[in-house]
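Residue numbers (my numbering): 14 to 335. Reviewing the structure listed below.
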Ligand code: UT7
């Protein structure tokens, strides 16, 4: 049987750091409020001339270097993003060209903050179906472009960045199993209304910014993630005692703690980067994973739960032996 395993990870965070204190120049807020309610201390913000493809490219280079792999050895590229550089072509096809790959398939997927876990599951299925042996999966986001910098309810939460992962075919798992879900009913709780494909009359009043009812999203996220981790453990037939680390989506430290409490996992077994990165949407899980691997917190053989929840709503995760 063929499984997929993580060969290497990579990351890129833009140089510019915006602290909570810096945000007080845009609206009425405080470092204390943001830290207490979210756990966030700072976020990285892309330079004016950087695109989400640039961020993806730099994270991909880092992953290829860590894997000691030439880009020509890849069979597929999937980029998870909801802040693509162009409406089309995809960031993935631009990345394929810039990395100098063969004419391998490359496409973007859009599942907002769950984008990376969606992409990882798709990549795993390509490998299990023997349609690819090595897949580059990237989560790349430039959320600073879609924030309303006068809205303290959303602008404090997000940051820019990209994380990458190279999956390779293996005779042992690797990825034990994944679970994906979506529910479009409550789209207005977290959305950017009226995109390029909306009716012309609505496009006139197009808002390019994120709108979020934070308190409502918070409640749905806590409830949904508790159910998700139960479903993952059950579907993979793995007990929580066998899990070494939870690598959660980094939206809010209180949401992360609630999932950890639900699982009865001590916080030492939870990877937290939301304090330094804020919410980088599809980049958040691979950035947290890369941080923990590069800092030798997660080691070969460790069992991990990856999970995410975001706009759509979408949610999902995987159980992995690194
Ligand atoms: O990736 C998944 C997507 N997003 C999320 O998971 C986000 C989920 N939601 C959250 O993380 C939290 O709901 C927030 C951090 C966004 C907000 O925290 P909260 O504890 O739910 O606060 P709230 O929205 O209920 O607001 C409480 C108070 C309000 O004032 P009043 O009405 O009580 O006087 C807000 O106006 O805090 C006020 N407030 C702020 N004050 C200082 C809201 N934002 C700020 C701010 N600074 N930045």
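Quick reminder that beta carbons are idealized off the backbone N, C-alpha and C, glycines included.
Taking just the CA atoms, how far does residue 85 sit from residue 113?
What you label residue 113 is simply residue 100 of the chain shown in a count that begins at 1. What you label residue 85 is simply residue 72 of the chain shown in a count that begins at 1. Counting only the Cα atoms, residue 85 lies some 7 Å from residue 113.
Evaluate residue 110 with the Cβ neighbour count: other Cβ atoms within 10 Å of its Cβ, from every protein chain shown; 16 or more gives buried, anything less gives exposed.
Position 97 of the chain shown holds residue 110. With fewer than 16 other Cβ atoms within 10 Å, it is exposed.
Counting only C-beta atoms, is residue 102 closer than 7 Å to chain C at any point?
No chain C appears in the structure shown, which is made up of a single protein chain.
Could you tell me the distance, in whole angstroms, from the CA atom of residue 99 to the CA atom of residue 123?
Locating residue 99 in the chain shown gives position 86, where the first residue counts as 1. Locating residue 123 in the chain shown gives position 110, where the first residue counts as 1. Cα-Cα distance, rounded: 13 Å.
Using a Cβ-Cβ cutoff of less than 6 Å, which residues in the same chain neighbour residue 129 once the five nearest sequence positions on both sides are dropped?
By one-based count along the chain shown, residue 129 stands at place 116. Here the set comprises 93, 152, 295, 298, 299.
Is there contact here, the region 135–144 with the region 55–75, by at least three beta-carbon pairs under 8 Å?
Under the Cβ criterion (8 Å, minimum of three pairs), the region 135–144 does not count as touching the region 55–75.
Report, in whole angstroms, the separation of the C-beta atoms of residue 206 and residue 224, which I expect to be a contact under 8 Å.
What you label residue 206 is simply residue 193 of the chain shown in a count that begins at 1. What you label residue 224 is simply residue 211 of the chain shown in a count that begins at 1. With 8 Å as the limit, residue 206 and residue 224 qualify as a contact, their Cβ atoms being about 7 Å apart.
How far does the beta strand (DSSP E) with residue 55 in it extend, from its first residue to its last?
Indexing the chain shown from 1 puts residue 55 at position 42. Counting along the chain, the beta strand (DSSP E) containing residue 55 begins and ends at 55–58.
Work out the CA separation of residue 59 and residue 155 for me, nearest whole Å.
Numbered from its first residue, the chain shown carries residue 155 at position 142. Numbered from its first residue, the chain shown carries residue 59 at position 46. If you take the alpha carbons of residue 155 and residue 59, they lie about 7 Å apart.
Which residue or residues does DSSP assign as beta-bridge partners of residue 50?
For the purposes of this step, residue 50 is taken as residue 37 along the chain shown, with counting starting at 1. As far as DSSP is concerned, residue 50 takes part in no beta bridge.
Going by DSSP, what residue range makes up the alpha helix (DSSP H) through residue 233?
In the chain shown, residue 233 corresponds to position 220, counting from 1. Note, residue 233: alpha helix (DSSP H), 227–249.
Who are the Cβ neighbours of residue 244 in its own chain at under 8 Å, not counting the five residues just before and after it?
Here residue 244 is taken as the residue at index 231 of the chain shown, counted from 1. Taken in chain order, the residues that qualify are 192.
Should residue 256 be counted as a contact of the ligand UT7 given a C-beta to heavy atom distance under 6 Å?
Counted from its first residue, the chain shown places residue 256 at position 243. No.
Proximal residues to residue 51 (C-beta, below 6 Å), its chain only, five neighbours per side dropped
Locating residue 51 in the chain shown gives position 38, counting from the first residue. Contacts found: 265.
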